[in-house]
Amino acid sequence: YFHSFTMNNTSTMSASSRHMLWSIGLLITSLGCFVWSVCGTSSFNNSNSDNVAFSDQFPSLEETLWMAKLSKSAYQFRHEDENYCQVYKPADGTKCEWYDHNKELGTQVLIVSNTVRRYIAVAFAGTDDIRTSLEDAHVTQKPFGNNSTISLPEGIRVHSGFDNAVFLQGMWEQISSRIKRLATEHPSFRIYSTGHSLGGANSLLTSAALSLQGHKVTSISFGCPQTGNKLWSEFFNNSSPTKDKLAIWRVVLGWDLVPRLPDFFFHAGHTIQLWKNSTNVTSVESYFEHYGDEALHFAGAPAGWSAKPHFIGPDALTSHFMTKYLEHMEELSSSGTWVHEFKRSTTPIDHNDDDDAISNDNLRDDWFAADA
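Taking my numbering, the leading residue of the sequence shown gets 6, the next gets one more, and so forth.
Structure follows, in structure tokens:
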């Protein structure tokens, strides 16, 4: 009897122990899932599949807002003295690593780091001569880069003014060396490039150059003009050698005219389009590589996207101000409105159409831009 009792009791205890261990394991797993849901997503958009190329992984609303604020801050430096970089300490933990204003080139560049949000960023301010730079009939193109350490295949050409602003007078060497040092000091930090208007164009070219050096870079620009020829645009498609190193996202506010300029140039990367109508209804769309991809069933910018702002008048430039972009991004942040996938196409893409035809009745005719 004693032997039978002992055996049965031992068996019962073993089952209880196994049940207890299983319960503890389940609790630990659940706790781990909870921690990952809160912390694992961190500040970035990690909902993307591992099978999605880095170039097609959407920036989160939060990090896009960070870059909008940084692009706005880049303008602030031009009105301060040379020591402002050392005293610039915003509440979000951003540290100014370097600022330079080359008045001859018209280049204003700011490099920052943020140990709280774990990123390094290079930001460019726009210039005051937008119309001269974008509407001059003699706007020229040139090969991308500095003709020595940074270049792309023959035939790829970019706006000469944008290229000169980044690669002349040692500007690129200063940017490159500082990013390399910061990336070595903070190997786990993400690298961004950002800017508004012509600064957005400069930031896009800079991000391309950094990716060619092996850095993994996300470019988020605001009101960026068209930057190069068709070969330049096509180089950054979904079969690009840079697709795992470079993500280009250009944010466009309503009918902002500048992203439709200059004529005979093309966009590189993806478009994030911000819409808002007169009843304050907001929406966000994203156009794959701007021009769409019929094989993937992704839509490009709708018909009239390029042409219509030319007929709107002052509002097309009013919505270009960086203050407007930032205000709209903050509204989107408050409502949690953002885009996480590319707009799908419902009709075949006409590759001979440069989106200039004003024929789509679904375009937001009631775009509302407040007074500057």
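We put the beta carbon where it would ideally sit given N, CA and C, even for glycine.
Range covered by the beta strand (DSSP E) that runs through residue i
i, result
"residue 189", "No beta strand (DSSP E) contains residue 189, which is instead part of the alpha helix (DSSP H) from 176-190."
"residue 200", "195-201"
"residue 339", "Per DSSP, residue 339 belongs to no beta strand (DSSP E); it is in the alpha helix (DSSP H), 327-340."
"residue 321", "From DSSP, residue 321 is part of no beta strand (DSSP E) but of the alpha helix (DSSP H) over 320-323."
"residue 84", "Element bounds for residue 84: n/a, residue is neither H nor E."
"residue 117", "112-119"
"residue 379", "This structure cannot settle anything about residue 379, because the visible part of the chain is limited to 6 through 377."
"residue 279", "275-281"
"residue 288", "287-292"
Span separating the alpha-carbon of residue i from that of residue j
i, j, result
"residue 304", "residue 85", "44 Å"
"residue 80", "residue 225", "17 Å"
"residue 251", "residue 240", "12 Å"
"residue 343", "residue 255", "14 Å"
"residue 153", "residue 320", "43 Å"
"residue 336", "residue 159", "43 Å"
"residue 147", "residue 286", "42 Å"
"residue 306", "residue 91", "42 Å"
"residue 265", "residue 311", "5 Å"
"residue 88", "residue 315", "42 Å"
"residue 313", "residue 233", "21 Å"
Residues near residue i by beta carbon distance below 6 Å, same chain, minus five either side
i, result
"residue 204", "129, 130, 131"
"residue 145", "165"
"residue 288", "280"
First through last residue of the alpha helix (DSSP H) which encompasses residue i
i, result
"residue 236", "235-240"
"residue 167", "165-172"
"residue 315", "314-317"
"residue 91", "89-92"
Under the three-state DSSP convention, the category residue i falls into
i, result
"residue 77", "helix"
"residue 263", "helix"
"residue 106", "strand"
"residue 229", "coil"
"residue 303", "strand"
"residue 46", "With a pLDDT of 36 at residue 46, under the threshold of 50, the predicted position of this residue should be treated as unreliable, and no value is reported."
"residue 96", "coil"
Same chain, Cβ closer than 8 Å to residue i, neighbours up to 5 away in sequence not counted
i, result
"residue 351", "304"
"residue 243", "58, 60, 61, 294, 298, 301"
"residue 179", "103, 105"
Option nearest residue i by Cα separation, candidates the options
i, options, result
"residue 274", "314, 182, 247, 88", "247"
"residue 100", "110, 117, 108", "117"
"residue 112", "57, 267, 169", "169"
"residue 227", "176, 327, 102, 340", "327"
"residue 322", "272, 269, 261", "261"
"residue 347", "123, 220, 124, 296", "296"
Own chain residues within Cβ distance below 7 Å of residue i, not counting five before or after
i, result
"residue 43", "Confidence is the limiting factor: at residue 43 the pLDDT is only 36, short of 50, which leaves the residue's position unreliable, though a coordinate-based value still follows. Contacts found: none."
"residue 333", "258, 279, 281"
"residue 151", "172, 177"
"residue 156", "148, 149, 150"
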